[in-house]
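A.B. asks: Let me give you the structure first, and then I'll get to my questions.
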Amino acid sequence: QLQLQESGPGLVRPSETLSLTCTVSGGTISRSSYYWGWIRQPPGKGPEWIGTLYYAGSTYFNPSLKSRVTMSVDTSMNQFSLRLSSVTAADTAVYYCARVVSGWLYYFDDWGQGILVTVSS
Amino acid sequence: DIQMTQSPSTLSASVGDRVTITCRASESMSTWLAWYQQKPGKAPKVLIYKASSLENGVPSRFSGSGSGTEFTLTISSLQPDDFATYYCQQYNSSPLTFGGGTKVEI
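Going line by line, the protein sequences match chains U and H.
Counting with my numbering, you get residues 36 to 156 for the letters of the first sequence.
Counting with my numbering, you get residues 23 to 128 for the letters of the second sequence.
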């Protein structure tokens, strides 16, 4: 049973960098058919795709966030990470990590429980 | 970007009702559409992919249809566990985009 777990600070100050990690258990992050994504959901709104990565290093980002997003993978720890720079209050959201099967342009079939990140001074 | 518009935004229904939710895309996208169910405080859970394929373990009372720009999610007989918010998501092109959601309430 695949499990994903987000971790990181729940409070980030404006203009700083948000950093989150997703730990994958019950499966290997470097399986060839799996891609790994980040999605966020502002309070009371629909989800927004942030980006997707492949264990070998390929990354795909939402153009609206691309200039501020970095994603990386650590196969030895079975983890992947998100960094979002220059945050503002508009970046306050629940952040989810998720798995994508069969390519990066696909749907998310397994999700973490999510972590609320608040941007405030 | 492909904009996804769901209707209605809120739907009041009773146990046993047949419920239909609509998702319209701003441009044609074949059948690259998924439906999710989300309960308060939980992550979305995929119900339907490729517009009409039922995800493993999802009850058969859920069904999806449509292609091009108009898609529907139908719950044939609403159960107490189905009161939730439903989202569509297109994966025809980047960026991946979600609808604004339909809340199914009692």
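Don't be surprised by glycine CBs; every beta carbon is placed ideally from N, CA and C.
Predicted model only: the values in this text are computed from it and were never measured.
Could you give the residue range of the beta strand (DSSP E) that holds M26 of chain H?
C.D. replies: 26 to 29
A.B. asks: What is the rounded straight-line gap between the Cα of T27 of chain H and the Cα of F115 of chain U?
C.D. replies: 32 Å
A.B. asks: Based on Cα-Cα distance, which residue from U:G79, U:Q76, U:L39, U:P77 lies nearest to S60 of chain U?
C.D. replies: U:L39
A.B. asks: Going straight from the alpha carbon of C57 of chain U to that of V47 of chain U, what length do you get?
C.D. replies: 18 Å
A.B. asks: Measure the C-alpha to C-alpha separation of Y87 of chain H and R40 of chain H and round it to an integer number of angstroms.
C.D. replies: Note on identity: in this sequence residue 87 of chain H is Ser, with Tyr being the wrong assignment. Distance between the alpha carbons of S87 of chain H and R40 of chain H: 15 Å.
A.B. asks: With a CB to CB cut of under 6 Å and the five nearest residues on each side skipped, what residues in its chain are close to S85 of chain H?
C.D. replies: T96
A.B. asks: Since I believe A65 of chain H is in contact with Q112 of chain H (beta carbons under 8 Å), could you give me their beta-carbon distance rounded to a whole number of angstroms?
C.D. replies: Not confirmed; about 19 Å, so no contact.
A.B. asks: Does any CB atom of chain U fall closer than 8 Å to the CB of F120 of chain H?
C.D. replies: yes
A.B. asks: Am I right that S89 of chain H and A73 of chain H are in contact with their C-beta atoms under 8 Å? What's the rounded C-beta distance?
C.D. replies: Taking 8 Å as the upper bound for CB-CB distance, S89 of chain H and A73 of chain H are in contact here, some 6 Å apart.
A.B. asks: Report all residues from its chain with a CB closer than 6 Å to the CB of Y89 of chain U; omit the five preceding and five following residues, and keep chain order.
C.D. replies: Y70
A.B. asks: Along the chain, where does the beta strand (DSSP E) containing W84 of chain U start, and where does it finish?
C.D. replies: 83 to 88
A.B. asks: Would you please verify whether the beta carbon of Y130 of chain U is less than 8 Å from any beta carbon of chain H?
C.D. replies: no
A.B. asks: Would you check if there are 3 or more beta carbon pairs closer than 8 Å linking the segment 122 to 141 of chain U to the segment 72 to 87 of chain U?
C.D. replies: Three or more beta-carbon pairs drawn from the segment 122 to 141 of chain U and the segment 72 to 87 of chain U are found closer than 8 Å, and the two stretches are therefore classed as touching.
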